[in-house]
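> When you line the sequence shown up against our numbering, it's residues 58 to 303, in that order. Backbone N, C-alpha and C fix where the C-beta goes; we use that ideal spot for every residue, glycine too. All values reported here derive from a predicted model rather than from experimental measurement. Take a look at the following structure, please.
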Amino acid sequence: MAVLLRQYKEGNVSEAQVIAGMQRAGVEDLGFAEVDQARERRQGFPEVIYAAGKTQEQVAAIMASLLSGSRQSVMATRADREMYEFVKARIPEAEYQEAARIIYVRRPTRAVDLSRKILILTAGTSDIPVAEEARLTAELWGNEVVTHYDCGVAGIHRLFAHMRDIEEARVIIVVAGMEGALVSVVGGLTDKPVIAVPTSVGYGASFHGLTALLAMLSSCAAGVSVVNIDNGFGAGVLASKINRLD
């Protein structure tokens, strides 16, 4: 891009050529997808594939493209085992995490700072799939992650058993469905950023996670941010970015 702008400044290329070059920069056109190969430079991590709604062939092709353009880990979220088997036959180094529903190729590029910990807490066992999506995302981004599952407010003494990890964490992800109360409790116990993830776990009046979402948005605990329902991936990315700040 710098070369193109210098050529424009010197009068060797036109404005239209510069605009066209900027539009094409860092993009690999696969016909059905335009792979953003420049995302790693902008955000520190390659583009992540959302596998739901894509064919097996499309996911495999996009993953192969990303692997060719990056030295970092590559991942496809919301994938099932059948899709993984298809990708694995074409990309032998691909792995699969069943609970998280993520196909990934792990490429460690730097040492993990063990003093900078992300803590993930779930209210119940049913929230684990969303928490695992957050955990694996954060780990693939090069973070040390600690997890404690099934420590919700119905037995709050279970949460207090993990106070040391709550105090030591730099960022805390709280995953909860039903009424989503755990995030307010955790938010009141720590001075660290808390990322709340509402899940679609619960009976009828939970409205597939809407009740937990609204409760978390309405939390009286200061310093709580909220991602979308079941969005463990988004929570893992945000926690990673916060954890990297000096």
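When the Cβ atoms of the stretch 210-224 are set against those of the stretch 156-171, are three or more pairs found closer than 8 Å?
No, the stretch 210-224 is not in contact with the stretch 156-171.
> Starting from the C-beta of Arg381, find all residues in its chain whose C-beta is less than 6 Å away, skip the five residues before and the five after it, and write them out in chain order.
Look at the range of the chain in this structure, 58 to 303, and you will see that residue 381 is not part of it.
> Helix, strand or coil, according to DSSP, for Asp86 in the structure here?
If DSSP states are grouped into helix, strand and coil, Asp86 belongs with the strands.
> Quickly, what does DSSP pair Ser282 with across the bridge? List them, please.
Its beta-bridge partners are Ile252.
> Do Asp303 and Ser257 count as a contact pair if the criterion is CB distance below 9 Å?
No, these two residues do not count as a Cβ contact at 9 Å.
> Classify Phe102: buried if its beta carbon has 16 or more other beta carbons within 10 angstroms, exposed otherwise.
Phe102 comes out buried.
> Evaluate Phe217 with the Cβ neighbour count: other Cβ atoms within 10 Å of its Cβ, from every protein chain shown; 16 or more gives buried, anything less gives exposed.
Phe217 should be labelled exposed.
> Looking only at its chain, what residues have a beta carbon closer than 8 Å to the beta carbon of Ile148, apart from the 5 residues adjacent to it on each side?
The residues are Ala117, Met120, Ala121, Leu124, Val162.
> Is the beta carbon of Lys174 sitting closer than 9 Å to the one on Val131?
No, Cβ-Cβ distance for Lys174 and Val131 is not below 9 Å.
> Could you tell me which whole alpha helix (DSSP H) segments of length 4 or greater appear in the stretch 163-232?
Within the stretch 163-232, the complete alpha helix (DSSP H) runs of at least 4 residues are 185-197, 214-217, 220-225.
> Identify, in the order they occur along the chain, each residue of the same chain with its Cβ nearer than 8 Å to the Cβ of Gly199, setting aside the five sequence neighbours on each side.
Cβ within range, chain order: Pro165, Thr166, Arg167, Val169, Ser297.
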